[in-house]
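Residue numbers (the UniProt record's numbering): 1 to 106.
C-beta atoms are modelled at their ideal positions from N, C-alpha and C, and glycine is treated no differently.
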């Protein structure tokens with residue numbers, strides 16, 4: 001990502017709050033942004049594991065499929081947050097970002 005992209009995105013985020021707590025508070029934009037980014041990363045991990053994109057037709061030789069999400073409460077620097085963790089049908093997907101047994105984000 002280029003510096004221009006960071007400037008544009010940070011400007012858009014900053015416009016979303018009138019007060020510091022709107023951006024940095026418990027229900028602030030930064031916490032929501034981090035949560036959504038983590039969920040996108042988990043989705044990308046599952047895509048790499050299965051070998052096909054979400055919404056795409058799976059390869060004929062791939063019996064394993066996406067199987068929805070489960071909500072996991074994870075503790076991080078921002079406190080405890082609900083995180084939608086995707087799963088596969090045969091249960092072989094082990095996300096690296098948040099392991100099944102862990103309650104803390106890495």
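As the crow flies, the alpha-carbon of residue 16 is around 15 Å from that of residue 7.
Counting other Cβ atoms within 10 Å of its Cβ, residue 89 stays below 16 and is therefore classed as exposed. Around the beta carbon of residue 83, a 10 Å sphere encloses 16 or more other beta carbons of the protein chains shown; the residue is thus reported as buried. Secondary structure of residue 84 (DSSP, three-state): strand. Put simply, the backbone Cα of residue 85 is about 31 Å away from that of residue 4. Distances from the alpha-carbon of residue 54 to those of 67, 61, 60 put 67 closest. The DSSP assignment places 3-15 as complete runs of the alpha helix (DSSP H) inside the UniProt region "Disordered" (1-23), in order along the chain (cut-off: 4 residues). Under the 10 Å beta carbon count, residue 95 is surrounded by 16 or more other beta carbons and is classified as buried.
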